[in-house]
Structures are given as C-alpha cells and as structure tokens.
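Going line by line, the protein sequences match chains A and B. FYI, this note's numbering numbers position 127 of the first sequence as 127, with every residue one higher than the one before it. Basically this note's numbering = 1-based index in the second sequence + 327.
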Amino acid sequence: MAPMIAYILHKNGVIDDTALELKSAAEMLEPEAVPVAVVMGSKKDVEGVCQEAARSFATVWKIENEALSYPNAEVIRPLLSRILPKGSIVLMPHEHFSMDLAPGLSICQEAAYLPDAVGFEAREGQSLRAVREEFNGMVRTHVACDLTQGAVITLRPGAFTPNERKDKSGQIIDKTPEAFQEGAPTLQRRFIELVEAEAGDVDITKSEVLVSVGRGIEEQENLEIIHELGKVMGADVSCSRPIVDAKWMEKSRQVGTSGKTVKPKVYLALGISGSFQHLGGIKGSPFMVAVNKNPKAPIFHVADVGVVADILDFVPKLSEKIGEAVK
Amino acid sequence: MEILVCIKRVPDTSENEITVNKEGTDIEREDLVYSVNEWDNYAVEEAIRIRDKVGGTVTVVSLGSEETEEVIRREMAMGADKGIHLMDPALEGSDGRGIAVALKAEVKKGGYDLVLTGAQADDGAGQVGGMLAAMLQRPFAALVNHIEVTGADTLRIGREIAGGNQEFSEIRLPCVLSIQTGINEPRYVGIRGIRKVASVEIPIHGISDIAVPAETVGKTGARVKRIDYFTPQLGKGAEILEGSDEEIIDKLIEILKSKGRIK
C-alpha cells in the first residue's frame, strides 16, 4: 500500500479548513490507509497546528525550522523530497502555494501529477478515475491517473466533503532532523516581503448589494451602464478578474480568491461566467441573479435566478425600469 | 537576456461556447475560434519588455499541430524575435509531463536564461512551468505578476497570492516563471504586424532534433490521461426567466423587491 500523505496548510498558527478535506479524500483513495499529516513551519506556529492535526490524523510529521517561517515552495519542495517515501500519494489543496510547489514535487518524486481534482470516482488497482474541470467549469473530464509510482494530487478546495470527526489522538513525530540532515536547501529564491492589497474607495466586503461585472462588458466605455445600475439600485459595483487585468477597475473591487471575499445579501453577476476562483470569493449564500448571453455559463449552476441575455442590451433597460420604479 | 516563452494555441472562450461533442470524446471543435492562451500572451509581452530594457532575444516555442504556427506568428508580430514549432506524431497525446520533457530538451538546446510560461490555460492545469523547472533543476515561481531585473543574475519578482496580496522575492537566474494575467497590458497586434512576419521561417523541431526518446512523451509517456468529457450537472441551477425583455425585467424587479432590494 502506498504511503498516503496530507500536506497541511496553516496561517498564523491556525490550521487550514482544507485539512479535513484532504483526510476524506485520502480515505476515499485508500480506505485502509493511515494518512500521515505533514506540518512544516517555524517553532512559533507549528506546535499548535500539529496538535490540531493530531485530532484528525493518527500520525503527524512535524518539521520545524526558522527557514520555514514563511512558506517558500523552493525551500519546502527539496525538504519534502528528502522525507517522503518514493511511491507516496501526496494530497494538498489546489491554491497559490500548491501551484508553486506541487508540479515540481511530482518530478522530484518521479510521481504522476493530478492537479485540481474535483472528485474521485473509482480506483481500479493502480489507476485512479478522477474528475477535473476544463474551460472554467463549462465542461468536465474523467481522467485516469496512474498511481504506480505514486502521485501528487491537488484538490479543489470545497470539492471534497470534509471529514469532521476529530476522534484521534495522533502521534506527533519530529521529522526535522531527517529533513535537515543534509542542511538547509540552497536558497535560490529568497522571500523579501508581503505587500497587502491596497484599500480602495469602497469596501465591497461590507456591501449588502453588489452589482458585479465581468468580461461580458467587452469595452471600458460600456462600464457606465453598470455604474448606472449600481446607482439606481443603491448598490456598490464590483467585478471579476478580467476587468482588473484590463485595468478598468481597481483591484479592491475584484471578487474572488485572488481578490476580495464578499458576503452580500444580493449579488448580481453581469457578464460573469462564474469560474471557481470568482465564486470562491462569494460567501454567505447571497441571493444571486446572473445575466449572461451564454446559456451554458457555469454561473447559471449556482445562481438563483438567471437571464440569458447580452448585458449590453439588458442592463440599460433594467436600470431604466428600476429608475422608474424607485421614483 | 535570452528568454524563451512557452505558448499554447487554445479555443478562445470569449469567442466560443464550449460544449461536449456527441460521443463525449472531446469538446465540439467544429467552428471553434482559436487564439493564443491568454496567460501566455501576457508572458510574451513581459518578455518583450524585459528585452527592450536589458537587451537579448525573445523566442516563442509552441508544441502542437500545424495550426499552431498561427499563434507563434502572432506572437512574433507582437515583437518576439524567433519562433520554434515543436511538432512530431510522437508528441501527440502528451500529458503535462511529456510537454515539459520536450520543452526541457528545447531549453537545453537553446541555453536560455529565463523561461516564461502562462500560469495556466483554460484547457490545462497549470503544471508545465513547475515541472520544467524541476527537470532543469532551476528555481521556479508560479503566478508571477511583477518582474524587475535587479542584477546580472537576479530578478525581483512578485507573486499573486490570496486576497489580492502580493509576495515579493528575489530569484536567481537561470529560472522558470509562470506568469499571471494582469502583469502588464499586452500590446495590440494589427494586420500590418502580422504581414511583416508572414514570410519569416519558423523551424519545426521533431523529437529527433531535440534528442527526446519517444517513450518519454506522447500517449506512452503519459501518466494522466483523459477518458471522456461530460457536461456537469450541478445543483438545481438557476430559475431562468423567460419572455420578452420587458416581461423578464418586470419579473426581476418583483423578485428584487421581494428581497427588499428595491423599494
């Protein structure tokens, strides 16, 4: 049986919610396996995280060093490949850190790489049948991943039901000596600083109603119709990533995992396809209205009410009617 | 600086509806409009800007069928100096690892200081850059949204992390970086630009030109294989409002009123 490894993310000494999703995914892959949680960090952070992980995992490997006070994939990858047995199946959540770490780790481990899995369907011997998304979730694929030489698998956060049982009193094993036996890895990429996102003129994380615009707006000049709708509705205006990439709106207005996490009561998604990165920034299940000219847009899977229309035609008419209704 | 940018030809999601074909073996590819992967286009723009500042050359490389030449030429019209087209029947069906194997051989052959890829593609998984770096044993950073040349062999880079925050690091050359959208504003490519490079020869490299063993790439080398495509059935989905625009708007206003969002 291949060793099953869950790489645990944490921040400011607090374990990430995805740890419990890794655990249930590991159990799906290998019901008999005893997955090992790996926790890396500085002394200040790592102890509490290990103890929390030990409530869910029977074995926790602790690797503690000041070089790990900031998670630098270029340091963590060589350390992991020193301690992970060849043939391991390594699970981690799919986000910015694992995108940095995981592809290279699969090469160091000579293992398969299965990125951003949204489900596991079946396992036949050493072949795992998993589900992935392509084209922003418009289509899905079944893929076969060969586990013979182990695998590094990243999981879409929220896609696997977390295993909330915290009935273990796991053993914490200090793997620091083994990881640093050959000294610290040569530092080729040195962390300098973290620059926090600038606060904008409006704090969309506090807005009750958001009128949110995406690629469907097509041209910068067209944004006017969105601002007009925001005005007549008394709503704040936010956007999806392409609008910020095009520099048409401030980063502080961007909803999504790489932007702001918002929790409005009502969310109007206008010309937004609904990628998981965008949806990841919307919490608290708002009442969602989606307007998109593509009836297949994934946003219609999650919205409460949908309108299949071109926002360039539809939104001005909507503003006008609401304007009359409010008068 | 010698810069290699790895690009990919993909269906343009802003121009197409992506649907599954009847057999479920692929997406419906008839009438699809293709373009260069959006992330890769930002990477090429960034490479051109670096070259214009510090000198050197920008080469774009792409792996794929004959049509791939269009996107290589487009990026040359943008300002890349050279193009390389990797094409070989043995490369068909490669997974991310197989593509990285071929690109590694190309990097070794050309001796590049800096290799850029897009952070991801709509039909991909954001894996080739990180794999390539590990194969070359060069440092890597993913989701890069800022690059400054700070020394003969150092760059200051910013990575996009959660919540709109940016992580700055110093990285040594030679290295591999995967580029996030928004790092710059890619220049417009006009018809004239395309015409200028229309007759430039783009060498085609097969696996024998880059000394890649056939069994390490293509279907035989792949550890992750697509079985089929399907349309996701998620949740109950939205209630789609039907009727004329006026009727839809009236219904929508009623709904918003009931939510207390319009008085």
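Don't be surprised by glycine CBs; every beta carbon is placed ideally from N, CA and C. Just so you know, these numbers come straight off a predicted model, no measurement behind them.
(request) Go through its chain and collect everything with a Cβ distance to A67 (chain A)'s Cβ below 7 Å, but skip five positions before and after it. (result) V75 and A184
(message) Could you check whether I334 (chain B) and V371 (chain B) sit closer than 8 Å to each other, using their CB atoms as the reference points?
(response) yes
(message) Please identify, using Cβ separations under 8 Å, the residues of the stretch 191-222 of chain A that lie next to chain B, in order along the chain.
(response) F191, I192, E193, L194, V195, E196, A197, V209 and R215
(request) To the nearest angstrom, report how far apart V232 (chain A) and G284 (chain A) are at their CA atoms. (result) 24 Å
(request) In the DSSP assignment, find the unbroken alpha helix (DSSP H) run with F97 (chain A) in it and report its ends. (result) H96 to C108
(request) Please report the residue range of the alpha helix (DSSP H) in which D16 (chain A) lies. (result) Where D16 (chain A) is concerned, there is no enclosing alpha helix (DSSP H), given that its DSSP letter is neither H nor E.
(message) Does any residue of chain B have a CB that is nearer than 8 Å to the CB of C108 (chain A)?
(response) yes
(message) DSSP three-state label for W366 (chain B), please.
(response) helix
(message) Rounded to whole angstroms, what is the Cα-Cα separation between S535 (chain B) and V544 (chain B)?
(response) 12 Å
(request) Could you confirm whether any beta carbon from chain A is found closer than 8 Å to the beta carbon of M405 (chain B)? (result) no
(request) Verify whether the separation of the beta carbon atoms of T141 (chain A) and D555 (chain B) is less than 8 Å. (result) yes
(request) List the residues that DSSP assigns as beta-bridge partners of G485 (chain B). (result) B:H473 and B:F495
(message) Judging by CA-CA distance, which residue of B:T558, B:G587, B:L568 and B:V551 is the nearest neighbour of A130 (chain A)?
(response) B:V551
(request) Kindly say whether A468 (chain B), judged by its beta-carbon, lies nearer than 8 Å to any beta-carbon of chain A. (result) yes
(message) My output table needs one value for L459 (chain B): the three-state DSSP class, helix, strand or coil.
(response) helix
(message) Does Q560 (chain B) come out as helix, strand or coil in the three-state DSSP assignment?
(response) coil
(request) Report yes if the C-beta distance between V46 (chain A) and W61 (chain A) is below 8 Å; otherwise report no. (result) no
(request) Following the continuous alpha helix (DSSP H) through G591 (chain B), name the residue where it begins and the one where it ends. (result) An answer regarding residue 591 (chain B) cannot be provided, because it is not within the stretch 328 to 590 covered by chain B.
(message) With DSSP as the reference, identify every bridge partner of N222 (chain A), one or two as the case may be.
(response) Bridge partners of N222 (chain A): none, in fact.
(message) A151 (chain A) and A112 (chain A) - do their beta-carbons sit closer together than 8 Å?
(response) yes
(request) Can you grab the Cα-Cα spacing for the pair F135 (chain A) / P559 (chain B), in whole Å? (result) 12 Å
(message) So D100 (chain A) and A468 (chain B) are supposed to be a Cβ contact under 8 Å. How far apart are they, rounded?
(response) 7 Å
(request) Can you tell me which of A:D17, A:H278 and A:K44 puts its alpha carbon nearest to the alpha carbon of G256 (chain A)? (result) A:H278
(message) Using DSSP's beta-bridge definition, name the partner residues of I5 (chain A).
(response) A:V36 and A:V90
(request) Give the secondary structure of D45 (chain A) by DSSP, where H, G and I count as helix, E and B as strand, and everything else as coil. (result) helix
(request) Identify which residue in A:N163, A:T154, A:Q254 and A:K166 has its Cα closest to the Cα of D201 (chain A). (result) A:Q254
(request) Would you kindly check if the distance between the Cβ of T261 (chain A) and the Cβ of G274 (chain A) is under 8 Å? (result) no
(request) Reducing DSSP to helix, strand and coil, say where R401 (chain B) ends up. (result) helix
(request) Just the chain A side, please: which residues come within less than 9 Å of A461 (chain B) by C-beta, in chain order? (result) R77, P103, G104, L105, S106, I107 and C108
(message) I'd like to confirm the pairing. Which residues does DSSP put opposite G119 (chain A) in its beta bridges?
(response) A:V131
(request) Please list the partners that Y439 (chain B) has in chain A, where partner means a Cβ-to-Cβ separation under 7 Å. (result) Near Y439 (chain B) there are no residues of chain A at all, since even the closest Cβ is about 17 Å away, more than 7 Å.
(request) Tell me whether G337 (chain A) sits in a helix, a strand or coil according to DSSP, three-state version. (result) There is simply no residue 337 (chain A) to check, as chain A begins at 1 and stops at 327 in what is shown.
(request) State yes or no: is the C-beta of D236 (chain A) within less than 8 Å of the C-beta of I204 (chain A)? (result) yes
(message) If the criterion is Cβ atoms closer than 8 Å, does the pair Y361 (chain B) and V337 (chain B) meet it?
(response) yes
(request) Return the CA-CA distance between I89 (chain A) and T148 (chain A), expressed in angstroms with no decimal places. (result) 10 Å
(request) Check whether the Cβ of S496 (chain B) lies closer than 8 Å to any Cβ atom in chain A. (result) yes
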